[in-house]
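Asks: One structure is given below, represented as structure tokens, and several questions about it will come after.
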């Protein structure tokens, strides 16, 4: 027998947060004096203890704002309102407002048709050929970059229109409902009642969030009791679920961090191509205030993932043959080139395989050419280590730890020049 209402752990935490925030808010809003606190008025001793330390350090405004945010978060946990629901609501609101503004806008009068100029219709002798965007990438700095069409980018950077726009593959509602039904029926067949409560669609897999149900067990006293299904029982059925879903591989995440569910990741029937432009134009990427921000891809829910190379100076990319190591390196280089001009970024590339990085020859950010000879690569690395030692000595002269700190400290000193950001790929 299933319970008519199941209390989740998040709801219990939200209820406790609401209680703990109402006590200090009652104390601050009621203006209760310390003698009245001992009588239980205005939040009592608990409300007084939670309010006074924060009021002394942060003041009334910040303290009230902090507890109001906790109160709103606690209420969202109780009703099950997530951050994704807020984003969807804001997106729908913006769409409705845009449609309303278009309906209320006055119609634009048609422009009068101008008479064609006879002189303009005459053919020009030997018209100059249109510039080829591909060739502009290998000319000097003044002709390398065209005017961007993306708003907010410098005109000295390559336009994002050079990157292709992709379309994500999305499972149909019928396919999602069918896989949801198979998962629930397979678990129920093995005596494990569970319900799929969340579905996250990604470019390669779809994660089904399963909330374990309750089963009846005979207790020590001989009475029937409701016991929650253990998550390791669901994880043990990985192969049975893969067989029922006709999936070559299947991953179970038990539990999903931060959520009270078991994640069953099922491969999609068709894998979507994650284009670099969709990541570069996403808020997750543009929010980085760094010249070394790079795009990684999308997670299981389809959300873009970006990182800052400045926070990971040592990076190793490993994997089996055909797993995408070269694609990852090409994406990193492309992000760096799209974010930095040659005077801010220098690249050193070593390609012993001789077929992976040679396509970047002619890039104005390169120091020399892509080195493909192993014996010459040793000399390049020796020069690089000597340059690093020289820079460390210059950092020590101004008490800086990295290139960014050095450039900030010598910004007003005309006797010292700024360093570009060096990166090597091999």
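In the working numbering, the protein residues as written are 945 to 1370.
The beta carbon of each residue, even a glycine, is placed where N, CA and C say it ideally should be.
Please report the straight-line C-alpha distance between residue 1327 and residue 1225, rounded to a whole angstrom.
Replies: Cα to Cα, the separation comes out at about 37 Å.
Asks: Out of 995, 1009, 1207, 1335, state which residue places its alpha-carbon closest to the alpha-carbon of residue 1181.
Replies: It is 1207.
Asks: Is the number of C-beta pairs between the region 965-972 and the region 987-1001 that are closer than 8 Å three or more?
Replies: The region 965-972, when compared against the region 987-1001, does touch it at the 8 Å Cβ threshold.
Asks: What would DSSP say about residue 991, mapped onto helix, strand or coil?
Replies: Here residue 991 sits in helix by DSSP.
Asks: What are the residues that DSSP puts in a beta bridge with residue 1334?
Replies: Paired residue(s): none; residue 1334 is not in a bridge.
Asks: Indicate the three-state DSSP secondary structure (helix, strand or coil) for residue 1169 in the structure shown.
Replies: Three-state DSSP puts residue 1169 in a strand.
Asks: Residue 1310 by DSSP, collapsed to three states: which one?
Replies: Looking at residue 1310 - three-state DSSP - the assignment turns out to be strand.
Asks: Applying the 10 Å Cβ sphere with the 16-neighbour rule, what's the burial state of residue 1293?
Replies: So residue 1293 ends up on the buried side.
Asks: Please name the residue or residues paired with residue 1155 in a DSSP beta bridge.
Replies: DSSP output for residue 1155 lists 1139 as bridge partner(s).
Asks: What did DSSP end up calling residue 1210 once you bin it into helix, strand or coil?
Replies: Here residue 1210 sits in strand by DSSP.
Asks: Using three-state DSSP, classify residue 1115 as helix, strand or coil.
Replies: It is coil, neither helix nor strand.
Asks: Which of the three DSSP states, helix, strand or coil, is assigned to residue 1397?
Replies: Nothing about residue 1397 can be read from this structure; the chain reaches only from 945 to 1370.
Asks: Are residue 1155 and residue 1139 close, meaning C-beta to C-beta below 7 Å?
Replies: Going by C-beta atoms, residue 1155 is nearer than 7 Å to residue 1139.
Asks: Just to confirm, are residue 1019 and residue 954 a CB contact at a threshold of 7 Å?
Replies: Not in contact: residue 1019 and residue 954 (Cβ atoms no closer than 7 Å).
Asks: Along the beta strand (DSSP E) that carries residue 1242, what are the first and last residues, could you check?
Replies: Counting along the chain, the beta strand (DSSP E) containing residue 1242 begins and ends at 1237-1242.
Asks: Would residue 1223 pass as a contact of residue 1257 if the rule is Cβ separation under 7 Å?
Replies: No, the Cβ-Cβ distance between residue 1223 and residue 1257 is not below 7 Å.
Asks: Measuring only the C-alpha atoms, how far is residue 1201 from residue 1319?
Replies: If you take the alpha carbons of residue 1201 and residue 1319, they lie about 49 Å apart.
Asks: What separation, rounded to the nearest whole angstrom, lies between the Cα atoms of residue 1189 and residue 1240?
Replies: Whole-angstrom Cα-Cα distance: 29 Å.
Asks: Leaving out the 5 sequence neighbours to the left and right, which residues in its chain are closer than 8 Å to residue 1060 when beta-carbon positions are compared?
Replies: Unreliable placement is indicated for residue 1060, whose pLDDT of 41 sits below 50; no coordinate value is reported for it.
Asks: With distances taken between CB atoms, is the gap from residue 1013 to residue 1007 smaller than 7 Å?
Replies: Against a cut-off of 7 Å, the Cβ pair of residue 1007 and residue 1013 comes out as no contact.
Asks: Out of 1115, 1199, 1212, state which residue places its alpha-carbon closest to the alpha-carbon of residue 1153.
Replies: Cα-wise, what sits closest to residue 1153 is 1199.
Asks: Can you list, in chain order, the residues of its chain with a C-beta nearer than 7 Å to that of residue 1342? Leave out the 5 residues immediately preceding and following it.
Replies: The residues are 1350, 1353, 1354.
Asks: How big is the Cα-Cα spacing for residue 1099 and residue 1146?
Replies: When rounded, the distance between both Cα atoms is 34 Å.
Asks: For residue 1252, write down the residues that DSSP places opposite it in a beta bridge.
Replies: Beta-bridge pairing links residue 1252 to 1237.
Asks: What are the boundary residues of the beta strand (DSSP E) that residue 1345 is part of?
Replies: Here residue 1345 belongs to no beta strand (DSSP E), and DSSP marks it neither H nor E.
Asks: Work out the CA separation of residue 1176 and residue 1166 for me, nearest whole Å.
Replies: Taking the straight line from one Cα to the other gives about 26 Å.
Asks: I'd like to check one pair, residue 1149 with residue 1209: are the Cβ atoms closer than 7 Å?
Replies: Cβ atoms of residue 1209 and residue 1149: closer than 7 Å.
Asks: The beta strand (DSSP E) with residue 1196 in it runs from where to where?
Replies: Its beta strand (DSSP E) spans residues 1195-1197.
Asks: How big is the Cα-Cα spacing for residue 1179 and residue 1321?
Replies: Distance between the alpha carbons of residue 1179 and residue 1321 is about 49 Å.
Asks: Residue 1009 to residue 1109, Cα distance in whole Å?
Replies: Distance between the alpha carbons of residue 1009 and residue 1109 is about 42 Å.
Asks: Only counting the same chain, and skipping five residues up and downstream in sequence, which positions put a Cβ closer than 8 Å to that of residue 1135?
Replies: Within the same chain, residue 1135 has close Cβ partners 1159.
Asks: For residue 1339 and residue 1253, I'd like the C-alpha separation in whole angstroms.
Replies: In a straight line, the C-alpha of residue 1339 is about 20 Å away from that of residue 1253.
Asks: I need the straight-line Cα distance from residue 1204 to residue 1142, nearest angstrom please.
Replies: Computed Cα separation, rounded: 11 Å.
Asks: My output table needs one value for residue 1192: the three-state DSSP class, helix, strand or coil.
Replies: Coil, per DSSP.
Asks: Look at the alpha carbon of residue 1298 and the alpha carbon of residue 1219, and state the distance between them as a whole number of angstroms.
Replies: Distance between the alpha carbons of residue 1298 and residue 1219: 26 Å.
Asks: Confirm, please, whether the CB-CB distance from residue 1325 to residue 1309 is below 7 Å.
Replies: No, Cβ-Cβ distance for residue 1309 and residue 1325 is not below 7 Å.
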